[in-house]
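Reviewing the structure listed below.
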Amino acid sequence: MKIEDLDEPTQGISSPEDRGRLLAEAIAEAETREAYYRQPENPRTCHWKGPLALSLLVIAGYIVLAPPPWLARSPLPAVSIEERRRGVAVAIQLQARQTEVFQARHGRLPATLDEVPGRVPDIRFVRSNGRVYQLVAARPNGRALVYDSANPGPEFERIDNAWDGEPGS
Amino acid sequence: MLVFLSLLTLAFAIAFPRLQERAFAQQLDGAVSAIEALRVAASNFEEQGLDWPAPSPPGVTRPELVSTFPAQYDLAADDYSLEWNRSETVDRQGRSEPGFPAPARSVPAPQDSPPGSVPSLLKTRFRKIGSVTVYSGDPALLAGLLRHYGTSRSFVRDTTWTLVIPR
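These protein sequence lines map, in sequence, to chains X and Z. Position 69 of the first sequence, counted from 1, bears residue number 69 in this note's numbering, the numbering being contiguous throughout. Position 115 of the second sequence, counted from 1, bears residue number 1115 in this note's numbering, the numbering being contiguous throughout.
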C-alpha cells in the first residue's frame, strides 16, 4: 500500500507529509537517545578485568593454603608430651597425698579410692598390704605410670609443686 | 563486580589469621577471667574463717559462692566449663633420704608394734588446698592456661587443666 492510496485526510488531521516528518523526527530522537545512553564498547576493559580477578583469587588462595611467614598467624600453644607426662605424675601425686591424709586420719589404708574424699579420676588404686599401695595411671603414650607408696621413684620426686611448701607459701 | 569480589576475598584471606588470633586471645582471656573470679570468690569465702567451698560439679556455682562470684562470669561457657574442688594434703617433715620420701607413718598400722613403743618420726601437718579444673576439648586453650599460670601451680591431664590453690 502506498501513501497515495490512503484516504484523503479530513480537516484537522495531518497530511502524509506531516506524518512522514513526525516519524522522521521520532526516529531521530530515538537514535539520539540510544546514542546517549549506549555504553561505549571498549574491548580492552573486558580483557584486563578477568585476569586481574583471577590473579587476586590465586593470591588469596595462596595466602590461605600456604601463608608467607609475615602473614601467618602465630602458632597456637600446644601441650608438650613432657607437660602431659608431668600432668599424669602430678595427678597421681595429688591422689597419693589424699590417700596419705586418709591413712593418717584413720590409721589404715582405704579399701578403694571411693573412701578418699578427694578422688582424682582415672587413677587405679592397688593395695599391696596394710601399709603399702600403688597408684596406676596411663601415660600419654598409653603405658602405665606406677606410684609405689614405699618407693615413689624419681619421676615423682622431681615434681616441684607450689602446694608442697610451707603453709602459706 | 568480579574484581570487587576478588579484592574482598584477598582482604579476608589476609585478615583471617589475625581474626583467628584475636578470637583465641579473647577465649583465653575469658577463661582466665572466670578462673580468677572463681579463685577470688573461693579465697574470700575461705578468709572469712570458713573452709574452702565444697566441691561443685563442672559448670555449677556453689550456693555459698553465689553472693561473691561476679554475675557476668559463667562457669559453663561454650567451649569450656569450670569445676571447683577442695582436697587435703600432708606436709611431710623430715624426709630421710632424697628420692625415698616416707609415707605418712605418724599413725602406726595395726600390725605394727604396739603404740608407744615406736616414737612418731614424722610430724604430720594437714593442709587443705583448693583447685579449679577447666574441662575443654580445645588443647590450645589448655596449653594457653598452662602457659599463663605456669607448671608449678597447674597441670594438664587429658582434656582437663587444673590450678591448685594452696591455703
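Glycine residues also receive a C-beta, built at the ideal position from the N, C-alpha and C atoms.
Task: Three-state class that DSSP yields for proline 152/X in the structure shown - done: coil
TODO: Indicate the three-state DSSP secondary structure (helix, strand or coil) for serine 80/X in the structure shown.
DONE: coil
Task: Coarse secondary structure for valine 1032/Z, derived from DSSP in three states - done: helix
TODO: Give a yes or no on whether the C-beta atoms belonging to proline 110/X and valine 116/X are separated by under 8 Å.
DONE: yes
Task: Residue-chain proximity (glutamine 134/X, chain Z), Cβ-Cβ < 8 Å - done: no
Task: Alpha-carbon to alpha-carbon, leucine 1038/Z and alanine 138/X - done: 30 Å
Task: Test: lysine 49/X CB closer than 8 Å to a CB of chain Z - done: yes
Task: Where proline 152/X falls, given that 16 or more other Cβ within 10 Å makes a residue buried - done: buried
- [ ] List the residues of chain Z whose Cβ lies closer than 8 Å to the Cβ of serine 74/X, in chain order.
- [x] Glu1021
Open item on the list: By DSSP's criteria, leucine 1163/Z is part of a beta bridge. Which residues make up the other side?
Closed with: Val1132/Z, Ser1154/Z
Task: Inter-residue Cα distance where the pair is proline 1103/Z and valine 90/X - done: Confidence at proline 1103/Z is low in this model, with a pLDDT of 47, below 50, so the placement of that residue should be treated as unreliable; the coordinate-derived value is given next. Approximately 17 Å, taken between the alpha carbons.
Task: First and last residue of the uninterrupted beta strand (DSSP E) at alanine 137/X - done: 133-138
- [ ] Count the other C-beta atoms from every protein chain shown that fall within 10 angstroms of the C-beta of phenylalanine 125/X, then say buried if there are 16 or more, exposed otherwise.
- [x] buried
Task: Per DSSP, the bridge partner or partners of phenylalanine 125/X - done: Leu135/X
Open item on the list: Can you list, in chain order, the residues of its chain with a C-beta nearer than 7 Å to that of isoleucine 63/X? Leave out the 5 residues immediately preceding and following it.
Closed with: Leu71
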